[in-house]
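Report on the structure given below.
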Amino acid sequence: MRTQSSSLKSRHLLGIEPLTPEEITLILDTAEGFKEVSERPVKKVPALRGQLVINLFMEASTRTRVSFEIAEKRLSADTLNFAASGSSVEKGETLIDTAENLMAMHPDMIVIRHKYPGAPKMLADRLPASIINAGDGSHEHPTQALLDAFTIRERIGRLAGVNVSIIGDIAHSRVVRSNIHLLTKMRANVTIAAPPTLIPAEIERMGVRVVNSLDEAIEGADVVMMLRIQLERQGKLSFPSLREYYNTFGLTPERLRRANKDAIVMHPGPMNRGVEIASDVADNAERSVILQQVTNGVAVRMAVLYLLGGAHVAE
Amino acid sequence: MPSNLLITNARVVDPSQELDAKLDLLIEDGFVARIDKKIKANVTTIDANGLVVTPGFIDLHTHLREPGQEHKETIASGTRAAVAGGYTAVCAMANTVPPNDERAVTEMIIAEAARNGACRVYPIGAVSRGLEGKELAELADLRQSGCVAVSDDGKPVYNAQLMRRALEYCTMLGMPIVAHEEDANLNEGGVMHEGYYSTLLGMSGIPAASEETLVARDVILAALTKAHVHIAHLSTAGAIAVVRDARKRGVRVTCEVTPHHIALGDDAVQSFSTNLKMNPPLRSTAHREALLEAIADGTVDAIATDHAPHHFDEKNVEFDLAPFGVIGLETAFGVCYDRLVREKVIGLARLIDLLSCGPARTFSLAGGTLKEGSLGDVTIVDLDTRYAVTNTFASKASNSPFIGETLHGRAVMTIVGGAVKYDIRPAPAPAKKSKR
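Protein sequence lines correspond, in order, to chains A and B.
Just so we're aligned, residue 1 is where the first sequence starts under my numbering, counting upward by one.
Just so we're aligned, residue 1 is where the second sequence starts under my numbering, counting upward by one.
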């Protein structure tokens, strides 16, 4: 059921949690229109002409930062990238001071990636610019969940009733939180799987099924979403070794056979081949949609930027 | 300073003598001289009609930050905050810079309190030298110089043998050890209670077990040594159960609960306000309900604020980076009257017991009573007043989780040793006509 919603209630995108199903559908529908722009010879529309977007990346990021920058450029925005390293942050400037100084140069939107939960909200509470969360600690990564949903919808045709299994470091993943919010709002069935040491407290209350077996999670799945195992967690008591992790939770072609016939495999990247996913699966063109996710990321981010910036200005 | 004072027409609530009656109270030379109906005396008279007079509140857990962190709070500003909350005495925690682990620091605190303090200050010494948890501080010297208890508050005494020896040694000195119970190994960078909301917000959790395991250990050590252990800022259902059970068996364990753990839950952290970050963290509903039950059934001995001032700049950062701690002296009565008495968890007399008599009993302090001959430390509260908490405090700090809330009930006058240290009673309305 498509809806009549034509704008977002908030001028910020801080997470998926505050969005309604209608708003999520609006973003995904808008992204469909923008996907075509990236396939033109001249990959540019004037929607954000004259607007300044600052990409404030206080934590390392390749995919997300590049994707936002491309999305901004294709909408004709002026963009500025600010990274924590080599900046005043290294001299001890606080986040709020950094943001207020950037604000003094009148950006219309700030895209922020930060190590700690709540940093985007801190800016949204204090600054007049639109704030877009590009990942805050283990809290949310809303544009990732949106591009994942876009990809599922593109491949499977719907979100409602789709069986999505998410496997990996659930405890420390912002991707999984945003995905759970989005998928449950859109009435998909979500299963999460990991060793008990990587399942955070009371996560069932978010409306998901929790299992501790990869095979059980994959059985009957339409979508198998693998999460990155943060290598630096090895030896921190979450699991004994990467070898054991791969043997118990690594996705191999044999294990994928338990999934539904046309199941797709997703990964938000960056992948650790041979840790959470075998190359035979990641590179399987029929099943893996990992690179489509990246392509769709640009369209989804264009939609978000447009709805928060361009659409408001056009009113 | 006039230390002779007559308070008339008051509803006197003094649980130490099971008193709740309309009486007059005469203070002479800083002590309670008489408490009776219709006292006549030619001294300064305060008409407390419509107000409630209680023994002065005593806070067992205050961080005054002086010496060393005067940008957060000083003995002068912290005690001004105390009297503004109705407190006539505070116990000053040892984790200053340098810590209060030797006589010189204790004497400095006592001297500065005498010079610039608005209320009585009872220092708490350190258990271990430098709060390092390695060797005992000079506990007898600390006791003799004026410490009323010892604590490494801010962190637990991890070494069980050191804790055992400290407890044994303190039996000779007649003072309790105040235990901050938290196993940092279980916390692993935790910044809030581990539960549904830490999962939702993607924050590292502090499990209830972090407190409960160490409370269990220290109760066992208290039983072994027959010493008195006082559990600071108890926050979990499991710890309550351990304490309740131990007391039934006659173990000398007492405990305190903070107003913020009574009033607030971990769901509040969804605002990401750093004024909701403290240690132990705000817990879930089940834990709060266990605290309320323990307050009602007598397991809890005292309400203590854990007043922990921090500078605005220190709190104006990302939640993960902000220091733990909130202020509490000025809002304690209103919060507790609201959540405990108005919501019928306990009666007013039990609340006064938790704020005054209980603390005095727990640390064997003078005060906590209005019996004739006791300290002239009196708090006068107005139960009918409502006020909005703003970010203006007598404390140097403003890191309160209650800013923006409207509280019912407030201390309007605080008297320390017969001297009025705080008075915000509205000016009396001019009499329309006098018949005299």
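In this text, a Cβ means the ideal position worked out from N, Cα and C, and glycines have one as well.
When DSSP builds the beta bridges, which residues end up paired with residue i?
i	result
V12(B)	A21(B) and V53(B)
S128(B)	L136(B)
C91(B)	Y122(B)
M226(A)	I167(A)
F57(A)	A83(A) and R113(A)
S130(A)	M109(A)
H311(B)	Answer is none; H311(B) lacks a bridge partner.
S38(A)	Paired residue(s): none; S38(A) is not in a bridge.
C336(B)	For C336(B), which the question treats as bridged, DSSP gives no partner whatsoever.
M103(A)	M103(A) is not bridged to any residue.
G205(B)	M192(B)
F31(B)	E28(B) and L375(B)
A411(B)	V381(B)
I58(B)	A89(B)
C255(B)	I231(B)
M266(A)	M225(A)
A149(B)	I124(B)
Y387(B)	L407(B)
L251(A)	I277(A)
N275(B)	Partner(s): none; N275(B) has no beta bridge.
Y197(B)	According to DSSP, Y197(B) bridges with nothing at all.
Could you compute how far the alpha carbon of residue i sits from the alpha carbon of residue j?
i	j	result
I180(A)	L28(A)	17 angstroms
S165(A)	T248(A)	16 angstroms
A222(B)	A232(B)	15 angstroms
A259(A)	H287(B)	42 angstroms
L276(B)	S235(B)	15 angstroms
N212(A)	N316(B)	40 angstroms
V121(B)	A241(B)	32 angstroms
L14(A)	F239(A)	32 angstroms
S209(B)	L186(B)	The sequence given here places Ala at residue 209(B); Ser does not occur at that position. If I take the Cα positions, the gap works out to 8 angstroms.
P195(A)	M226(A)	14 angstroms
G202(B)	A394(B)	35 angstroms
V243(B)	I58(B)	22 angstroms
L26(A)	E32(A)	10 angstroms
P123(B)	A33(B)	28 angstroms
V191(B)	K115(A)	14 angstroms
L8(A)	M302(A)	14 angstroms
E18(B)	T74(B)	36 angstroms
S434(B)	L355(B)	Below a pLDDT of 50, predicted positions are generally treated as unreliable, and S434(B), at 49, falls in that range; no measurement from the model is reported.
K22(B)	L383(B)	15 angstroms
S279(A)	H260(B)	52 angstroms
Among the residues of its own chain, which have a CB less than 8 angstroms from the CB of residue i, if the five just before and after it don't count?
i	result
L6(B)	D24, L25, L26, I27, I39, A41, V43, T44, T45 and I46
R209(A)	N189, V190, T191 and I192
In chain B, what lies closer than 7 angstroms to residue i by C-beta?
i	result
I96(A)	N316
K121(A)	F272
R177(A)	G202
R205(A)	Y196
R174(A)	G202
Looking only at its chain, what residues have a beta carbon closer than 6 angstroms to the beta carbon of residue i, apart from the 5 residues adjacent to it on each side?
i	result
L183(A)	V164 and V190
A227(B)	L167, C170 and T171
A322(B)	T274, K277 and K315
D78(A)	L52
V229(B)	I177, A179, D218, A222 and V253
D141(B)	R103
I132(A)	L13 and V111
Show which residues of chain A have a CB atom less than 8 angstroms away from the CB atom of residue i.
i	result
L437(B)	What is shown of chain B runs 1 to 436, which leaves residue 437(B) out entirely.
G404(B)	Neighbours of G404(B) on chain A: none; closest Cβ ~14 angstroms, over 8 angstroms.
Interface residues of chain B around residue i at Cβ under 8 angstroms?
i	result
E202(A)	G195, Y196 and T199
R287(A)	Ordered by position in chain B, no residue passes the 8 angstroms Cβ test against R287(A), which lies about 29 angstroms from the chain.
Less than 7 angstroms between C-beta atoms, sequence neighbours within five positions excluded: which residues of the same chain meet that for residue i?
i	result
F402(B)	T331, V335 and V389
Y158(B)	G133
E211(B)	E181, E182, S235, T236, A239 and P280
P18(A)	S10
I218(A)	S165, V224, R255, L256, R258 and A259
Name, please, each residue of chain A whose Cβ falls closer than 7 angstroms to the Cβ of residue i.
i	result
G238(B)	Those do not exist, as G238(B) stays about 15 angstroms from chain A at its closest Cβ, beyond 7 angstroms.
G205(B)	A201
Task: Residues from the stretch 131-150 of chain A in contact with chain B, defined by Cβ distance under 9 angstroms - done: Flagged, chain order: D136, G137, S138, H139 and E140.
TODO: Scan the stretch 297-318 of chain B for residues whose Cβ lies nearer than 7 angstroms to a Cβ of chain A and list them as they occur along the chain.
DONE: Answer set for the stretch 297-318 of chain B: N316, V317 and E318.
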